[in-house]
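First residue of the sequence shown? That's 98 in the numbering used here, and the numbers climb one at a time after it. Every residue, glycine too, gets a C-beta built ideally from N, C-alpha and C. Reviewing the structure listed below.
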Amino acid sequence: MAQHLAILQRGAVTWLKWRSQNPDIIPDLSDADLSGVNLRGANLQGVNLVRANLQNTILIAANLSHAALTQVNLNGAKLINANFQAAELINANLDHADLTKVNCRSTNLIGASLKYANLQDADLSGANLIGTDLSDTNLRDADLMDADLTRTDLSNSVAIAANFAETNLTGANLYQAELSSTNMYKANLSKTKLWQTHLCHANLVAANLSGAIFYKTDLRWANLLKANLSYTDLTKVNLQGANTGYAVMPSLN
98 MAQHLAILQR
108 GAVTWLKWRS
118 QNPDIIPDLS
128 DADLSGVNLR
138 GANLQGVNLV
148 RANLQNTILI
158 AANLSHAALT
168 QVNLNGAKLI
178 NANFQAAELI
188 NANLDHADLT
198 KVNCRSTNLI
208 GASLKYANLQ
218 DADLSGANLI
228 GTDLSDTNLR
238 DADLMDADLT
248 RTDLSNSVAI
258 AANFAETNLT
268 GANLYQAELS
278 STNMYKANLS
288 KTKLWQTHLC
298 HANLVAANLS
308 GAIFYKTDLR
318 WANLLKANLS
328 YTDLTKVNLQ
338 GANTGYAVMP
348 SLN
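See the structure below:
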């Protein structure tokens, strides 16, 4: 680990040259302290960064695809346009990180914390976000299609116009989340907490909302065509202008 860290600390040019000359070596930077370091555009593909300290590190446009980042500290890191495709970020700390336009396709983020992170325009399609903390996060225009957000905390998050098509949100916490104009086509929102959640103009066509917990939920002008709303209580839900055609509505008994 010390040898690889020393090479990286010599600068980007030396690091890139060494990696190109040693393509079969997987660099070991586990437990390394790289906090505050400028690693803009660095090639860290497949690198072992388990438990590394990357707090406030600049990783703009860096390649971290397939990297091992379990329990890494990326608190406050600058990750704009970084590539984390298929990386392992289990239990990682990404609080306050800037992940604008980041590539997290098929990334494993189980148990990670992304509180107050900026994920605007991020690609999280197919990502594993089970039990992840996304509270107070900016997810405007993000793509979460086919991602797994089972039991994820999205309370107070802002995800206007985000894509949640075919996403699994079973048991997720969406308390006071701003989800106006989101695409939730065929999304699974069963047993989801939707207290004071804003879903105005949302596309919920064929979505599964069975057993969801509604309270003062804003569903004005939402499209609920063929949605499943069985076993729910809609007494304090605003459905003004909503399309509930062919939807499975809760029993009145």
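Where Gln106 falls, given that 16 or more other Cβ within 10 Å makes a residue buried
exposed
Work out the CA separation of Val199 and Leu176 for me, nearest whole Å.
7 Å
Whole-angstrom C-beta distance between Leu241 and Phe261, which should lie under 8 Å
5 Å
Cβ of Met281 within 7 Å of Cβ of Ala258?
no
Residue burial classification, Ala99 (beta-carbon count within 10 angstroms, cutoff 16):
exposed
Can you tell me which of the three DSSP states His193 falls into?
coil
With the cut-off set at 7 Å, would you say Asn215 and Asn235 are in Cβ contact?
yes
In the DSSP assignment, find the beta strand (DSSP E) that holds Thr291 and state where it starts and stops.
For the record, residue 291 in the displayed sequence is Leu; it is not Thr. First-last of the beta strand (DSSP E) with Leu291: 290 to 292.
Which of helix, strand or coil does DSSP assign to Ala165?
strand
With DSSP as the reference, identify every bridge partner of Asp130, one or two as the case may be.
Asn150
Exposure of Trp112, with buried meaning 16 or more beta-carbon neighbours within 10 Å
buried
Boundaries of the beta strand (DSSP E) in which Ile310 is found, first to last residue
310 to 312
Distance CB(Ser252)-CB(Tyr272) smaller than 7 Å:
yes
Would you mind stating whether Leu131 and His101 have Cβ atoms separated by less than 7 Å?
no
Mind checking Gly108: buried by the 16 CB within 10 Å criterion, or exposed?
exposed
Quick one: give me the first and last residue of the alpha helix (DSSP H) that Arg116 is part of.
109 to 118
Alpha-carbon to alpha-carbon, Arg116 and Ile104
10 Å
Quick one: what's Ser254 bridged to in DSSP?
Partner(s): none; Ser254 has no beta bridge.
Check the C-beta distance from Thr249 over to Leu226 and give it rounded, since I have them as a contact under 8 Å.
5 Å
Is it buried or exposed for Ile155, if we count other Cβ within 10 angstroms and need 16 for buried?
buried
One or two residues paired with Val345 in a DSSP bridge
Asn325
Secondary structure of Ile123, DSSP reduced to three states:
coil
Return the chain-ordered list of same chain residues with a C-beta closer than 8 Å to the C-beta of Asp243, the five sequence neighbours on each side being excluded.
Ser222, Gly223, Ala262, Glu263, Thr264
Indicate, with yes or no, if the ligand MN has a heavy atom lying under 6 Å from the CB of Ala183.
Annotation note on the ligand MN: not contained in the displayed structure, which lists no ligands.
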